[in-house]
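Visitor: The following block contains the structure, expressed as structure tokens.
Protein chains: 2
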Amino acid sequence: MSDDYRQMWKDLGLDLDAHDALLGVLGQGYQQVFLSQQDRPEGMAYFDFVMSEVHGLRIKELLDEKAAGRKIVGSYCVFVPEEIVLAANATLVGLCSGADFATEDVEKLLQRNTCALIKSSFGFKIGKVCPYLESADMIVGENTCDGKKKAYETLGTLVDNLYVMDLPQVKSENGNALLKAEYRRFKAAVEILTGVAVTTESLKLAIRTVNAKRAAIHRLSLLRKADPAPISGLDALLANQVFFYDNPARFTDSVNKICDELEKPIAAKQGVFPEKTPRILVSGCPQAVPNWKLPMIVETAGAVIVGEESCVGERGTRNLTDASGQTVDEMLDAIVDRYFKVDCAIFTPNPDRLAHIQQMVTDYNADGVIHYGLQFCQPYLMESIPVEKVLEEKNIPCLRIETDYSMEDVGQLTTRVEAFVEQLR
Amino acid sequence: MSDDYRQMWKDLGLDLDAHDALLGVLGQGYQQVFLSQQDRPEGMAYFDFVMSEVHGLRIKELLDEKAAGRKIVGSYCVFVPEEIVLAANATLVGLCSGADFATEDVEKLLQRNTCALIKSSFGFKIGKVCPYLESADMIVGENTCDGKKKAYETLGTLVDNLYVMDLPQVKSENGNALLKAEYRRFKAAVEILTGVAVTTESLKLAIRTVNAKRAAIHRLSLLRKADPAPISGLDALLANQVFFYDNPARFTDSVNKICDELEKPIAAKQGVFPEKTPRILVSGCPQAVPNWKLPMIVETAGAVIVGEESCVGERGTRNLTDASGQTVDEMLDAIVDRYFKVDCAIFTPNPDRLAHIQQMVTDYNADGVIHYGLQFCQPYLMESIPVEKVLEEKNIPCLRIETDYSMEDVGQLTTRVEAFVEQLR
């Protein structure tokens with residue numbers, strides 16, 4: 008990244024030395040994991056550029072938006088409705104949480120047995136290495152799991168712009184009513200932040216913008232049905248990760264360009280892995296940048312990932328929002344209906360997720376499922392056992408992985424994944 | 008226990024050999040932990056009897072009630088309103104969850120990193136050693152922590168009479184509305200179970216019955232303000248544990264008798280520990296029968312426990328329900344108001360608990376606080392760090408313990424507790 012950004016990072020209050028170290032590791036990791044792949048779609052060059060500028064150009068864009076009077080809202084979860092943020096003239100960005108940082112200091116604030124994702128979000132704050140967090144005018148927490156909801160109480164002592172959204176635990180009438188009330192409360196809070204009232208026109212446009220982004224990434228997903236796979240799981244995951252950071256319209260165009268490009272090799276039965284390569288569906292916890300450990304291991308072991316049943320994947324993106332409402336209220340209800348369908352493991356019971364995993368196995372012609380669980384993520388780890396059970400009953404091989412962001416278990420994971428892939432051949 | 012009970016246990020479907028082994032360990036533990044204490048109140052003989060008959064006479068009583076047409080409702084949590092259960096002509100009992108059992112089989116259903124309390128509840132079911140569970144006509148789960156709410160999904164595959172109650176995570180208007188709706192739904196479910204409609208009279212009587220039980224245990228708590236302490240923390244904890252099992256009226260009488268008895272030695276400045284013995288408040292996770300590990304260590308280390316800020320303790324019992332309502336609806340609202348005050352760590356934020364801990368330190372003249380956290384109990388472990396922080400700011404020594412039900416860490420815990428007690432002298 009350019010030296011021009013150093014002053015920008017300094018102005019944001021980043022710890023430049025620590026940030027340099029982070030970018031060094033990130034760049035090296037990206038080189039090893041992504042750029043070493045063969046026969047990548049040309050359109051991935053855009054994402055390579057985005058990643059090379061993830062703390063540079065994109066941050067500069069956000070700061071330019073701020074200078075022009077727009078507000079930035081940071082989020083840790085797919086339950087934060089981007090439609091509302093956009094409609095009130097703000098930009099939504101995902102916040103950094105895919106790598107260990109400042110762990111020793113984090114564990115003074117969070118108990119040791121907290122999942123890596125939550126620890127990471129604290130590490131990036133305490134270590135002063137997340138320019139997104141430092142650029143944000145509002146940081147949105149949400150009461151999903153126990154770990155996050157209790158962690159936000161402490162995060163609120165580290166930042167002065169935390170907004171916490173309550174969420175239901177049950178998909179009941181009361182649960183729906185809670186989400187309705189909370190999304191309206193959130194709309195009011197964003198309107199106060201920006202000074203811009205959400206209108207019928209702005210909300211309709213925002214819904215269409217976000218729907219277009221989702222439709223594009225869904226189009227990419229559908230292309231992965233092809234055998235041989237036209238794109239690696241790593242590259243597809245990257246697109247799903249950039250979904251949370253990029254300018255929505257530009258992201259939509261870039262993904263659609265890749266899709267256009269892929270149609271030709273798919274028709275010609277060409278792919279990035281040989282035909283009959285074992286096809287894997289990854290299901291479970293979100294994999295945030297730069298958490299590429301599992302897909303790297305899987306695709307190095309001679310399998311290809313054909314889908315992500317994950318927040319960073321179809322769980323987060325698959326459903327569109329009905330844009331046909333004639334009033335703000337009608338569209339807000341449509342937004343609630345859309346997000347209420349998200350089948351996160353925080354819901355009890357959560358049968359939709361079991362059904363969706365099986366549907367994805369069928370749709371993407373997967374040979375097996377790897378359940379990706381972050382250590383100490385109780386909702387997904389607990390749900391992994393019934394997931395495995397239901398898949399076994401359908402004779403779909405399933406491997407349950409429990410890991411964190413460290414590299415210590417790479418050898419052990421590789422052995423387990425290789426054995427699993429062998430079983431699928 | 009009498010041989011007469013063997014047929015009863017067999018009829019309940021218990022595994023007699025495993026149950027014998029459990030009772031053997033329980034009896035031995037009780038002997039070592041409780042009966043070895045000096046100068047116990049005479050009134051504790053009642054609780055010794057209750058414990059000696061905990062799987063015997065009390066179960067026979069419940070079965071006699073069932074034979075007479077009454078229903079038994081089993082619960083794992085202080086959020087299940089006993090008032091409603093009693094008013095619909097049923098009996099509420101706490102379900103076994105204080106010891107490891109059948110752990111290997113449990114871990115096939117629950118992920119390894121689940122807290123001991125949840126694992127224990129499954130172990131007692133799978134191992135067929137809990138006569139309360141097997142006697143219950145309805146088992147009530149509740150969406151408190153992630154661990155429990157997801158575990159109930161699996162428990163529902165092991166029993167055919169599970170009822171799950173949703174709970175709020177935030178003490179907001181919406182949270183209150185959810186609890187109101189859920190307690191009304193629960194009332195309807197219990198009425199269907201018993202065939203008995205809750206009436207103004209039955210609900211008023213039930214509120215008074217439960218209030219009397221709470222008032223009695225609160226009276227015992229207040230007596231523990233005395234120095235020297237008139238009753239050991241172990242004995243007081245036992246009374247708090249039996250609170251969940253015993254016939255309410257008999258329990259109330261028995262606790263009041265102990266209180267009557269204690270007034271004389273208190274006036275005479277006599278106690279079960281020497282004056283100036285370091286006084287400890289235990290705060291945190293519930294300690295269910297027979298989980299007596301920590302208080303045994305503390306009171307063997309030369310300190311006395313003067314209060315429990317716990318579900319099995321003041322968090323569960325301190326607030327009474329307003330019985331002045333003139334209609335079922337008014338009284339149901341009063342019940343909601345009462346339970347909504349429970350300051351469980353599942354709520355976010357949860358400032359009432361921080362205030363209550365400090366209030367208890369003052370009220371009971373405690374020299375220090377031991378925060379008791381069950382390993383993998385995210386809500387209490389996460390809250391333990393701000394608890395420690397706020398106590399340190401007030402110069403109140405605090406020791407954070409993280410443990411489970413095994414005896415493996417007794418040596419290590421003893422060392423830490425002894426050092427902490429030494430610091431308080």
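So the sequences go chain by chain: A and B. Quick note on my numbering: the first sequence kicks off at 8 and runs consecutively. Quick note on my numbering: the second sequence kicks off at 8 and runs consecutively. All residues carry an ideal CB built from backbone N, CA and C; glycine is no exception.
1) Between Lys157 (chain B) and chain A, is the shortest Cβ-Cβ distance under 8 Å, so that the two count as touching?
2) From the DSSP output, in three-state form, read off Thr201 (chain B) for me.
3) Just tell me which of A:Gln430, A:Arg13, A:Val177, A:Leu29 has its CA closest to the CA of Pro356 (chain A).
4) Does the CB of Phe347 (chain A) have a neighbour CB from chain B at under 8 Å?
5) So with Cβ pairs under 8 Å, would you call Thr355 (chain B) a contact of chain A?
6) Can you say whether Gly240 (chain A) is buried or exposed, counting buried as having 16 or more other CB atoms within 10 angstroms of its CB?
7) Please work out which residues of its chain come closer than 8 Å, Cβ to Cβ, to Val335 (chain A), disregarding the five sequence neighbours upstream and downstream, and give them in chain order.
8) With Leu200 (chain A) and Lys73 (chain A) assumed to form a contact (beta carbons below 8 Å), what rounded beta-carbon distance in angstroms separates them?
9) What in chain B is Cβ-close to Leu334 (chain A), meaning under 8 Å?
10) Would you say Ser413 (chain A) lies against chain B (beta-carbon separation less than 8 Å)?
11) Which residues of the stretch 155–179 of chain A have a Cβ closer than 9 Å to any Cβ of chain B? Give them in chain order.
12) Less than 6 Å between C-beta atoms, sequence neighbours within five positions excluded: which residues of the same chain meet that for Phe251 (chain A)?
13) Could you confirm whether any beta carbon from chain A is found closer than 8 Å to the beta carbon of Leu241 (chain B)?
14) Assign His62 (chain A) to one of three DSSP states: helix, strand, or coil.
15) Give the C-beta separation of Leu42 (chain A) and Pro293 (chain A) to the nearest angstrom, bearing in mind that I take them to be a contact with Cβ-Cβ under 8 Å.
16) With Gly101 (chain A) as the anchor, note down where its beta strand (DSSP E) starts and where it stops.
17) Less than 8 Å between the beta carbons of Gly148 (chain B) and Leu165 (chain B), yes or no?
18) Can you check whether the C-beta of Pro386 (chain B) is within less than 8 Å of a C-beta belonging to chain A?
19) For the stretch 371–389 of chain A and the stretch 122–139 of chain A, state whether three or more C-beta atom pairs, one from each stretch, are separated by less than 8 Å.
20) Starting from Val289 (chain A), follow its DSSP beta bridges and name the residues at the other end.
21) In or out: Val289 (chain A) buried (at least 16 other Cβ within 10 Å) or exposed?
22) For a quick check, are the C-beta atoms of Val417 (chain A) and Ala308 (chain A) less than 8 Å apart?
23) Take Val203 (chain A) and list the residues in its own chain whose beta-carbon comes closer than 6 Å to its own, dropping the five residues that flank it on each side.
24) List the residues that DSSP assigns as beta-bridge partners of Ser82 (chain A).
25) For Arg407 (chain A), which residues does DSSP report across the bridge?
26) Relative to the C-alpha of Val113 (chain B), which candidate in B:Glu400, B:Ala143, B:Leu269, B:Lys135 has its C-alpha closest?
27) Secondary structure at Met389 (chain A), three-state DSSP: helix, strand or coil?
28) Can you find a CB in chain A that lies within less than 8 Å of the CB of Met389 (chain B)?
29) The alpha helix (DSSP H) that contains Leu245 (chain A), what's its start and end?
30) Under DSSP, the alpha helix (DSSP H) around Met303 (chain A) begins and ends at which residues?
31) Could you pull the start and end residues of the beta strand (DSSP E) that Met172 (chain A) belongs to?
32) Can you tell which of A:Met58, A:Leu19, A:Ala196, A:Val40 has the C-alpha that lies nearest to the C-alpha of Leu30 (chain A)?
33) With a threshold of 16 other CB atoms inside 10 Å of the CB of Ser167 (chain A), please say whether the residue is buried or exposed.
34) What are the boundary residues of the alpha helix (DSSP H) that includes Pro356 (chain A)?
35) Let me know if Arg432 (chain A) comes out buried or exposed under the rule of 16 or more other beta-carbons within 10 Å of its beta-carbon.
36) Here's the rule I'm using: 16 or more other beta-carbon atoms within 10 Å means buried, otherwise exposed. How should Phe56 (chain B) be labelled?
Guide: In short, the structure shows the following:
1) yes
2) helix
3) A:Val177
4) no
5) yes
6) buried
7) Val205, Thr206, Thr207, Leu210
8) Not confirmed; about 12 Å, so no contact.
9) With the sequence shown as reference, residue 334 (chain A) is identified as Thr, and Leu is not the correct amino acid for it. None at all; the shortest Cβ gap to chain B is about 23 Å.
10) no
11) Lys156, Lys157, Ala158, Tyr159, Glu160, Thr161, Gly163, Thr164, Val171, Asp173, Leu174, Pro175, Gln176, Val177, Ser179
12) Gly101
13) no
14) coil
15) With 8 Å as the limit, Leu42 (chain A) and Pro293 (chain A) do not qualify as a contact, their Cβ atoms being about 24 Å apart.
16) 97–101
17) no
18) yes
19) yes
20) A:Glu315, A:Ile377
21) buried
22) no
23) Ala95, Asn96
24) A:Gly101, A:Val147
25) A:His378
26) B:Lys135
27) helix
28) yes
29) 240–249
30) 300–307
31) 169–172
32) A:Met58
33) A small fix is needed here, since residue 167 (chain A) is Asp in this sequence, not Ser. The residue in question, Asp167 (chain A), is exposed, as its Cβ has fewer than 16 Cβ neighbours within 10 Å.
34) No alpha helix (DSSP H) contains Pro356 (chain A), which DSSP labels as neither H nor E.
35) exposed
36) exposed
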